[in-house]
Amino acid sequence: MNKPFIPQLVYFEPHALDYPLGKELKKKFEEMGIETRFTTSHNQIRDLPGDTDAQKYRIAKSTLVVGIRKTLKFDTSKPSAEYAIPLATGCMAHCHYCYLQTTMGSKPYIRTYVNVEEIFEAADRYIEERAPEITRFEAACTSDIVGIDHLTHSLKKAIEHIGQTELGRLRFVTKFHFVDHLLDAKHNGNTRFRFSINADYVIKSFEPGTSPLNKRIEAAGKVARAGYPLGFIVAPIYLHEGWEEGYRRMFERLDEELPQDARDDITFEFIQHRFTKPAKKVIEKNYPKTKLELDEEKRRYKWGRYGIGKYIYQKDEEDEIKSNLYGYMTKYFPNAKLEYFT
Ligand code: SF4
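Quick note on this note's numbering: the sequence shown kicks off at 191 and runs consecutively.
Here is the structure:
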């Protein structure tokens with residue numbers, strides 16, 4: 191994706207227009223000539239266009255719903271943060287392996303919440319409850335928030351809000367390079383800006399609708415030069431022909447791009463490809479032509495919670511992945527912190 195997301199259709203909850211952001215978005219989309227409709231609740235869109243499930247799925251992913259976040263009780267987001275801060279739900283991209291397919295089911299449209307001040311007040315209460323401990327908020331648990339923030343600037347406001355706190359921290363992860371409007375946000379070092387990156391082959395084959403690797407890495411360079419603490423998640427690490435070379439190239443590109451002074455406060459997280467039986471089913475339904483390897487026979491079974499086990503790489507494959515990726519990380523970024531490798 192080389193251009194920022196523009197929805198094809200926008201729904202508003204009527205009360206969203208009681209908030210300044212709701213009014214602003216209504217005006218913006220009307221001026222852009224985008225069809226707007228009303229809906230009673232952001233949880234129930236009854237007249238979404240499309241004849242087949244496949245059409246409905248695609249249309250929903252380019253539909254934006256502007257609503258009010260009623261539940262101001264935040265979900266927990268362990269281990270990387272204490273809470274998920276709810277700014278948006280859903281994503282316009284089409285990563286074949288995306289877990290939102292199982293969690294969002296038949297409602298894959300993108301929701302944004304206009305009562306941002308109320309959400310920030312709730313965050314402040316959580317921070318207060320935990321003082322003098324630090325409280326970390328994750329803004330990308332249920333969406334790729336950067337992908338829509340050029341329209342709403344809710345993330346930018348959250349960065350600045352958390353920037354003013356002493357004990358609050360914010361983090362999120364993105365596969366998009368549309369970061370320019372976030373570069374001058376007064377983050378105060380309280381936000382860790384993370385990019386999800388992968389070998390070029392994986393991005394090209396399985397992540398339609400996201401930004402190319404080079405653009406993500408360029409954006410990471412800009413973000414580092416804007417003084418944000420930086421992080422990377424490499425997920426899913428996927429075995430394919432030439433995978434060692436693909437991941438090595440990815441690290442080389444990072445090494446070329448990132449300024450020296452950003453490297454002492456940089457994190458990595460690595461997650462190998464895995465799938466569950468329910469996820470396989472939904473992936474094959476939404477992306478029937480995918481080349482994603484989902485063969486249980488080739489994998490090792492790992493028992494999981496609620497009886498839903500995962501199919502992970504064989505032990506020797508896993509060892510090879512770990513030694514390669516860990517080797518690249520320590521070669522190019524010896525001071526990086528490894529947050530997680532699974
Ligand atoms: S960018 Fe992230 S949230 Fe969006 S479809 Fe891809 S994996 Fe899912």
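For glycine and all other residues, C-beta sits at the position ideal for the given N, C-alpha and C. If you're wondering where the values come from, they're calculated on a predicted model, not measured in any experiment.
Query - Separation of Ile423 from Phe385, as counted between CA atoms - result: 6 Å
Query raised in the report: Out of Asn514, Ile300, Ala283 and Arg453, which has the shortest C-alpha to C-alpha gap to Val413?
Result: Arg453
**Report entry** Selection from Tyr201, Lys475 and Asp506 that minimises the alpha carbon distance to Glu220
**Finding:** Tyr201
Requested in this report: Determine which residues share a DSSP beta bridge with Lys500 and list them.
Outcome: Lys492
Query - Element boundaries [alpha helix (DSSP H), containing Gln245] - result: Asp243 to Ala250
Query raised in the report: What's the call for Asn305, buried or exposed, on a 16-neighbour Cβ count within 10 Å?
Result: buried
Query - Nearest residue (CA-CA) to Arg301, options Arg315, Asp314 and Cys281 - result: Cys281
Query raised in the report: Between which two residues does the beta strand (DSSP E) containing Ile423 stretch?
Result: Leu420 to Ile427
**Report entry** As assigned by DSSP and simplified to three states, the class of Leu444
**Finding:** helix
Query - Proximity winner among His343, Lys217 and Gly432, relative to Val534 (alpha-carbon distances) - result: Limits of the chain in this structure are 191 at one end and 532 at the other, which puts residue 534 out of reach.
Query raised in the report: When the distance is taken between beta carbons, is Arg259 closer than 8 Å to Pro276?
Result: yes
Requested in this report: Could you check if His205 is buried or exposed, using at least 16 other CB atoms within 10 Å of its CB as the buried criterion?
Outcome: exposed
Report task. Could you pull the start and end residues of the beta strand (DSSP E) that Gln291 belongs to? Result -> Careful: Gln291 lies outside any beta strand (DSSP E), inside the alpha helix (DSSP H) at Leu290 to Met294.
Query raised in the report: When DSSP labels each residue in this structure, what does Ser333 get in the three-state scheme?
Result: strand
Query raised in the report: Roughly how many whole angstroms lie between the Cα atoms of Ile456 and Phe523?
Result: 8 Å
Query - Pair within 8 Å by beta-carbon distance, Leu403 and Phe460 - result: no
Query raised in the report: Which residues share a DSSP beta bridge with Thr325?
Result: Gly358
Report task. Go ahead and pull the three-state DSSP assignment for Gln198. Result -> coil
Requested in this report: Note down the Cα distance separating Ser401 from Ala375, rounded to an integer number of angstroms.
Outcome: 22 Å
**Report entry** Ile511 versus Lys527: straight-line alpha-carbon distance, rounded
**Finding:** 18 Å
Query raised in the report: Are the beta-carbon atoms of Glu486 and Tyr501 separated by less than 8 Å?
Result: yes
Requested in this report: For the stretch 252-267 and the stretch 205-219, state whether three or more C-beta atom pairs, one from each stretch, are separated by less than 8 Å.
Outcome: yes
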